[in-house]
Amino acid sequence: MIRQFFRDSFLYGISSIVVQGSPILVLPIYVRLLSPTEYGVLEVLTIFALFVNSSVSFEILQGFARHYPDSRTERDRKEYSSTTFWFTLAAYGLFVGITLPFSEIFSQIILHAPIWEKTFQVAVIATSLHGIYLLLLNQLRWQLKPFAYASVSAVNIILAVSTGIFLIVEYQTGLVGIFYGQTVGCTIAGVLAWLWGSHSYRLIFDWPKCKEMLRFSVPLIPSSLAVIATVYVDRIAIQNIMTLVDVGVYTVGFRVASIANLMMAGVYFALTPLIYQNYVKDSMPDDVERILMYVLCGTLPLLVGISLFAKEIVFLFATEPYYGAWFVVPILAVAAVCSKLYIFFPGLDIAKKTKTIAFINIAAAFLNIILNILLIPLWGIIGAALATLIGAAVLLAGYVFMSQKFYPIPYRAETIFLACSTAAFIIVVGYLVSSTEYFSGLVLTLLKLCALILGSAWIIRQLAGTRNLGRII
38 MIRQFFRDSF LYGISSIVVQ GSPILVLPIY VRLLSPTEYG VLEVLTIFAL FVNSSVSFEI
98 LQGFARHYPD SRTERDRKEY SSTTFWFTLA AYGLFVGITL PFSEIFSQII LHAPIWEKTF
158 QVAVIATSLH GIYLLLLNQL RWQLKPFAYA SVSAVNIILA VSTGIFLIVE YQTGLVGIFY
218 GQTVGCTIAG VLAWLWGSHS YRLIFDWPKC KEMLRFSVPL IPSSLAVIAT VYVDRIAIQN
278 IMTLVDVGVY TVGFRVASIA NLMMAGVYFA LTPLIYQNYV KDSMPDDVER ILMYVLCGTL
338 PLLVGISLFA KEIVFLFATE PYYGAWFVVP ILAVAAVCSK LYIFFPGLDI AKKTKTIAFI
398 NIAAAFLNII LNILLIPLWG IIGAALATLI GAAVLLAGYV FMSQKFYPIP YRAETIFLAC
458 STAAFIIVVG YLVSSTEYFS GLVLTLLKLC ALILGSAWII RQLAGTRNLG RII
């Protein structure tokens with residue numbers, strides 16, 4: 038299982054770098070083509086798309102993911118796949134049919150201005166196609182086809198980004214060109230994913246299987262929406278308490294901070310299917326523990342590096358109107374990592390404790406909302422970042438505490454705590470030093486570089502000493 042994890046994680050990691058890294062790679066282009074207000078609108082509509090994709094199809098994809106690996110026959114697998122496909126197609130068709138006639142009203146509610154109506158309309162179509170594309174893409178994932186998954190993901194991102202930039206530059210379409218690009222990317226990549234997994238789809242709709250999947254997935258809708266709220270409510274709150282310009286600046290910081298999650302995304306896509314298929318094996322808990330140590334050896338030094346050089350990265354990638362984004366990067370980078378570590382605590386999912394999952398996610402989201410309302414008026418976008426970090430930490434703590442009751446993993450808590458504490462200390466000190474004028478230029482860069490090298494060596498030594506390195510490899 039460990040070998041398969043490393044192989045699949047590598048392929049999914051490449052895919053994740055392409056998918057999640059693309060907003061970072063195109064950041065220097067977007068901030069030069071879009072004003073902070075337009076960039077803020079782009080982020081708000083992206084959040085809207087996430088809420089839609091987590092609710093319109095009743096999260097049936099999660100029900101599919103839970104039951105598909107347990108299918109005993111090829112016919113069962115085809116029935117699950119086909120039923121999920123047709124249900125999703127009908128759900129998004131209904132969504133488009135209801136939303137487009139009232140696009141002016143929705144654009145006023147969501148963006149606080151009807152001038153964005155056309156952009157909203159194209160975003161609705163792009164969002165619906167993206168939801169169908171995600172279904173077709175994840176079919177490849179649950180069939181354990183990481184190469185096909187990575188290839189389709191790359192096609193989507195390359196087409197979406199290149200088409201969007203071309204339309205903005207050549208035809209002066211403005212922000213709407215990005216959503217036209219997403220429409221093109223999802224359509225072509227979706228067709229490719231369907232062709233790659235076409236043997237799984239038939240003109241079949243099994244209502245009992247549909248109800249079985251929905252019984253699992255429907256209770257997760259509030260949970261999924263709460264997770265999105267936990268991650269993105271900061272931008273919604275900034276939009277309502279501050280301005281779309283502030284949303285644009287904050288989003289640049291969020292994009293830079295998300296670099297810390299590139300490795301975690303590949304791990305997530307590789308690990309979750311393996312856990313579902315192998316959790317009954319006695320060796321599985323030890324395998325998960327070993328994988329976490331390996332992941333932390335790579336993630337914590339990356340997190341420290343991004344945090345220490347946040348100012349330099351933002352100044353390199355962005356333009357002057359966005360320079361203030363660096364203040365939130367270290368905080369959001371830590372929050373980004375915390376928000377993904379829950380995958381190493383699979384007990385609640387294995388035990389199908391969907392109500393408990395929903396409670397944890399909703400509680401964390403509620404706390405995040407309250408903190409954003411309280412902290413943004415005090416500290417602006419820094420307050421929003423702190424609220425996001427606290428919410429992510431509470432979410433992770435809930436998963437750790439409850440999941441270990443149902444499927445305990447033998448983690449070395451003291452070792453992990455020491456490594457994480459070391460990383461946190463370096464990040465805090467680096468943040469305070471970068472915020473002052475006592476050090477600057479070459480001196481500051483050398484100090485931060487030394488802290489990164491020495492701190493990373495110490496963290497890796499704690500997590501993977503001579504005795505434990507062999508266990509991880």
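Everything in the sequence shown is counted per our numbering, starting at 38 for the first residue and increasing by one. Even glycine gets a Cβ: it sits at the ideal position worked out from N, Cα and C.
By the neighbour-count definition (other C-beta atoms within 10 Å, threshold 16), Gly-134 is an exposed residue. Look at Tyr-448 here: in three-state DSSP terms it is coil, with no helix or strand label.
When the Cα atoms are used, Leu-483 and Val-286 turn out to be separated by approximately 28 Å.
Taking C-alpha positions only, Ala-430 is separated from Gln-209 by approximately 43 Å. From the listed residues Ile-146, Met-330, Asp-113, Gln-314, the smallest Cα separation to His-236 is found for Asp-113. As the crow flies, the alpha-carbon of Met-321 is around 13 Å from that of Tyr-448.
Around the beta carbon of Lys-318, fewer than 16 other beta carbons sit within 10 angstroms, so the residue counts as exposed. Straight across, the Cα-Cα distance linking Gln-176 with Arg-239 is about 14 Å.
Shown here for Leu-378: same chain residues with a beta carbon closer than 7 Å to its own, the five before and five after excluded, namely Leu-433 in chain order. Residues of the same chain with a CB within less than 8 Å of the CB of Val-63, apart from the 5 flanking positions on each side, are Val-198, Ile-202 in chain order. Beyond the five residues adjoining it in sequence on each side, Val-81 comes within less than 8 Å, by CB distance, of Ile-147, Leu-148, Arg-272, Ile-273, Gln-276, Leu-281, Val-284 in the same chain, given in chain order. In this structure, Gly-227 sits away from Leu-196, with a CB-CB distance that is not shorter than 8 Å.
Judged by pairs of C-beta atoms under 8 Å, the stretch 118-130 touches the stretch 243-260, as three or more such pairs exist.
In the structure shown, Lys-390 adopts coil according to DSSP, grouped into three states.
DSSP, reduced to helix, strand and coil, places Ser-254 within a helical segment of the structure shown. Between the stretch 64-73 and the stretch 87-100, the count of C-beta pairs closer than 8 Å stays below three; the two stretches do not touch. Here Val-206 is exposed, its C-beta having fewer than 16 other C-beta atoms within 10 Å. Judged by beta-carbon spacing, Met-279 lies within the 8 Å limit of Gly-417, meaning their Cβ atoms are closer than that value. In this structure, Ala-362 is the residue among Ala-362, Tyr-170, Thr-200, Leu-469 with its C-alpha nearest to the C-alpha of Val-289. For Trp-153, the number of other beta carbons within 10 angstroms of its own is at least 16, and it is reported as buried.
Classified as exposed, Trp-244 has fewer than 16 neighbouring CB atoms from the shown chains inside 10 Å of its CB. In this structure Leu-339 does not touch Ala-294 by the C-beta definition: roughly 11 Å separates them, more than the 8 Å allowed. Within the stretch 417-466, complete alpha helix (DSSP H) segments of at least 4 residues are found at 418-443, given in chain order. In the DSSP assignment, Gln-145 falls within the unbroken alpha helix (DSSP H) covering 140-148.
A straight-line Cα-Cα distance of about 30 Å links Ile-169 and Phe-403. Shown here, Asp-319 sits in coil according to DSSP, grouped into three states, outside any helix or strand.
Linking Thr-74 to Leu-212 through their CA atoms gives a straight-line distance of about 10 Å. In the displayed model, Met-330 falls within a helix according to three-state DSSP. In this structure Cys-487 is exposed. Its beta-carbon is surrounded by fewer than 16 other beta-carbon atoms within 10 angstroms. Counting C-beta atoms within 10 angstroms of its own C-beta, Thr-356 has fewer than 16 neighbours from the protein chains shown and is therefore classed as exposed. A distance below 6 Å between beta-carbons, with the five flanking residues on each side excluded, links Glu-116 to the following residues of its chain, in chain order: Ile-241, Asp-243, Lys-246. Linking Cys-334 to Phe-382 through their CA atoms gives a straight-line distance of about 18 Å. In this structure, Phe-216 sits near Ala-163, with a CB-CB distance shorter than 8 Å. For Val-332, same chain residues with a beta-carbon under 6 Å away, outside a window of 5 residues either side, are Val-304 in chain order.
For Gln-180, the three-state secondary structure derived from DSSP is coil. Going by DSSP, Val-221 is part of the alpha helix (DSSP H) stretching over 213-233.
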